[in-house]
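Worksheet: the structure to be examined is printed underneath.
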Amino acid sequence: MNHLEAVRKYKKMYKQLLATADELAGRIESNDVLCCDITLAQPGALLNAVAKHVKEKGLTNVKQHILLDVYPYEMYQDAELLGKYTGVSWFSSGGARKAVSNGLADVMPCYYRDIPSLFTQYVDVDYFVAAVSPMDKHGYFSMSTVGSASQALLHKAKHIIVEVNKNLPRALNSPMVHISQIDGLYENHVPLVCLPKAEIDETSKTIGGLIAERIPDGATLQLGIGAVPDAVGLALKHKHDLGIHTEMFTDSMVELIECGAVNNSKKPIHTGKTVATFAFGSQRIYDLIDDNPAFELLPVDYVNDPAVIAQHPNFVSINAALEVDFYGQVCAESIGTKHVSGSGGQVDYVRGATQSPGGMSFIAFPSTAKGGTVSKIMPTLTPGAIVTTSKNDVDYIVTEFGIAKLRGKPLSERAKALISIAHPNFRDELTFAAKKQGILI
Ligand code: COA
């Protein structure tokens, strides 16, 4: 078959597979397990068509595995769907957070890095459903902004259904799916979901400045989710030869690439390339990815592997937290028992950065929450709080009042260092608590 015949064949296959979201949702039966990947890889219209189909046909026990939800999903809002079409969140944002708290959805405890192998080992995937960019002349669809768990899901799923959206950028180095692997497709050219521009307040700017002072030229960076990691990114514009190897690619990284602070030239692997496992933010990000050979969106079990991270000298990771106790146990996932988020890659980046020659891991946050009424540095974690990064892994903790080095330090020194960067309004009561706990010797 010559090239022109192949192109004609792929176009014919495309037409044969083309249906509507409702028609494709109609294939789902009771007890089916559907999986989708993170953020823009989610085929929002199909998931809501499945919800409608489940209700109309009276189906039961359909499961939807999903991480970092970006669309409003019926399954997370409609109590009538409970036990009929249930979401299992592997990393929560807005919709899942509320649904889990309201008893409308389940949660999968996991490290992000393990998600591909967990799907492979433990989940009987009937359908992998994904949003992709348009088919190229060779019959391939790019998974666009997502490396993540898609490769594993493409291998494991019995059936693959895709939503084709011409607005999704075509990544040159992300997983690809071929038309011959697909069981059904529909077109839905919706505008891409963009994150609102992060509000970076004075506290975050101060924290960003403190961390930026410690970051040497030539360092490779991971910046996590939230205003503080964004503020660090923006404070690095005067640096040189920085590299990016990160879980989520964000807007502050676009700025660092555009101003020339990031050129990835000092990275010993993927030299000259930006590496992430997914990208999510503004249209600027999506435009940067499109057809860009300097951008690699790779599977999370590779990108977040601490051994891969540690191969970069001077690797610096910056992540946020909800609270930290005197031991340095970091909670980034819940407020007491109230579900907020997932483990993501925080621990892997803490471990990778601390194993990198010259590497550093910063967990950074404003010293207080709730309008200054609550200290985020606590004698003990709030009952029910989930430990994301353990006391044995933690490295630096940062607030607007300074930087506390915990790694390699005994408990008494950790408590003193943490109290010194707590908000002054809370230092006396924290000191009193530390004495009462017999920690300050
Ligand atoms: N007590 C009570 N409430 C608290 C609190 C505390 N100690 N700390 C924070 N909060 C509240 C905030 O006031 C805010 O409430 P609001 O939504 O009503 O405004 C909410 O909890 C979220 O806190 P905030 O500090 O604004 O969150 P963020 O957007 O900076 O994100 C994490 C912080 C920890 C949730 C986020 O980084 C995360 O999901 N991390 C886990 C995974 C991870 O680190 N991955 C890294 C690799 S990408």
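Numbering follows my numbering, with no gaps: position 65 of the sequence shown is 102. Glycine included, each C-beta is placed from N, C-alpha and C at the ideal position. On a predicted model such as this, the values are computed, not experimentally measured, just so you know.
Check: Are the CB atoms of ASP220 and ILE252 nearer to each other than 8 Å?
Finding: Stepping through the sequence shown from its first residue, residue 220 is reached at position 183. Stepping through the sequence shown from its first residue, residue 252 is reached at position 215. No, the Cβ-Cβ distance between ASP220 and ILE252 is not below 8 Å.
Note to self: Quick check on the DSSP output: what are the complete beta strand (DSSP E) runs of length 3 or more inside the stretch 349-398, in order along the chain?
What the structure shows: 352-356 and 360-362
Margin query: Excluding the 5 residues flanking LEU273 on each side, which residues of the same chain have their C-beta closer than 7 Å to its C-beta?
Written below: Working through the sequence shown from its first residue, we reach residue 273 at position 236. The residues are ALA249, ILE252, LEU279, LEU293 and ALA298.
Margin query: Could you check whether ALA62 and HIS90 sit closer than 8 Å to each other, using their CB atoms as the reference points?
Written below: As a first step, residue 90 is located in the sequence shown; it is residue number 53 there, counting from the start. As a first step, residue 62 is located in the sequence shown; it is residue number 25 there, counting from the start. Cβ atoms of HIS90 and ALA62: closer than 8 Å.
Notebook entry, point to check: From ILE75, ARG45, LEU96 and LYS46, pick the residue whose C-alpha is nearest to that of ILE65; which is it?
Noted result: Reading the sequence shown from its first residue, position 28 is the one you call residue 65. For the residues ILE75, ARG45, LEU96 and LYS46, the minimum Cα distance to ILE65 belongs to LEU96.
Notebook entry, point to check: Since MET290 is in the alpha helix (DSSP H), which residue starts that stretch and which ends it?
Noted result: One-based indexing of the sequence shown puts residue 290 at position 253. Its alpha helix (DSSP H) spans residues 288-295.
Notebook entry, point to check: Is the beta carbon of ILE262 within less than 7 Å of some heavy atom of the ligand COA?
Noted result: On the sequence shown, residue 262 is found 225 positions in, with the first residue counted as 1. For the ligand COA, at least one heavy atom lies less than 7 Å from the Cβ of ILE262.
Margin query: the ligand COA and GLN366: does any heavy atom of the ligand fall closer than 7 Å to the residue's C-beta?
Written below: Counted from its first residue, the sequence shown places residue 366 at position 329. No; taking the cut-off as 7 Å, the Cβ of GLN366 has no heavy atom of the ligand COA nearer than that.
Checklist line | Touching by the beta-carbon criterion (3+ pairs, under 8 Å), the stretch 233-242 and the stretch 207-220 | finding: no
Check: Can we say the stretch 460-471 touches the stretch 399-413, given the rule of at least three CB pairs closer than 8 Å?
Finding: yes
Check: Which residue comes first and which comes last in the alpha helix (DSSP H) that contains ILE75?
Finding: Residue mapping note: residue 75 aligns to position 38 of the sequence shown, counting from 1. Careful: ILE75 lies outside any alpha helix (DSSP H), inside the beta strand (DSSP E) at 70-75.
Check: Is any heavy atom of the ligand COA found at a distance shorter than 7 Å from the C-beta of PHE402?
Finding: Locating residue 402 in the sequence shown gives position 365, where the first residue counts as 1. Yes, the ligand COA has a heavy atom inside 7 Å of this Cβ.
Notebook entry, point to check: Are the beta-carbon atoms belonging to TYR122 and VAL107 less than 8 Å from one another?
Noted result: What you label residue 122 is simply residue 85 of the sequence shown in a count that begins at 1. What you label residue 107 is simply residue 70 of the sequence shown in a count that begins at 1. No.
Next item on the list: With a threshold of 7 Å, establish whether the CB of GLY480 neighbours any heavy atom of the ligand COA.
Entry: Outside the shown range of the chain, which is 38 to 478, sits residue 480, and nothing can be said about it.
Next item on the list: Go to THR426, then tell me how far its beta strand (DSSP E) extends in each direction, as first and last residue.
Entry: As a position in the sequence shown, residue 426 is number 389, starting the count at 1. Here THR426 belongs to no beta strand (DSSP E), and DSSP marks it neither H nor E.
Check: If we count the other Cβ atoms within 10 Å of its Cβ and call it buried at 16 or more, is LEU83 buried or exposed?
Finding: Mapped onto the sequence shown, residue 83 falls at position 46. Its Cβ being crowded by 16 or more others within 10 Å, LEU83 is buried.
Next item on the list: Report the three-state DSSP secondary structure of ILE440 (helix, strand or coil).
Entry: To locate residue 440, count along the sequence shown from 1; it is residue 403. ILE440: strand per DSSP, three-state reduction.
Checklist line | Selection from LYS276, GLU236, ASP254 and LYS442 that minimises the alpha carbon distance to GLY263 | finding: Here residue 263 corresponds to residue number 226 of the sequence shown, with the count starting at 1. Comparing Cα-Cα distances from GLY263 to each of LYS276, GLU236, ASP254 and LYS442, the minimum goes to GLU236.
Next item on the list: Quickly, what does DSSP pair TYR9 with across the bridge? List them, please.
Entry: The question about residue 9 has no answer, for the chain in this structure spans 38 to 478.
Notebook entry, point to check: DSSP on ALA82, reduced to helix/strand/coil?
Noted result: Here residue 82 refers to the residue found at position 45 of the sequence shown. Helix at ALA82.
Margin query: Here's a check: name, in chain order, each residue in its chain whose Cβ is nearer than 7 Å to the Cβ of GLU322, leaving out the five neighbours to either side.
Written below: Stepping through the sequence shown from its first residue, residue 322 is reached at position 285. One detail in the question is off: residue 322 reads as Ile in this sequence, not Glu. Hits under 7 Å: PHE286, ASP288, VAL291 and ALA316.
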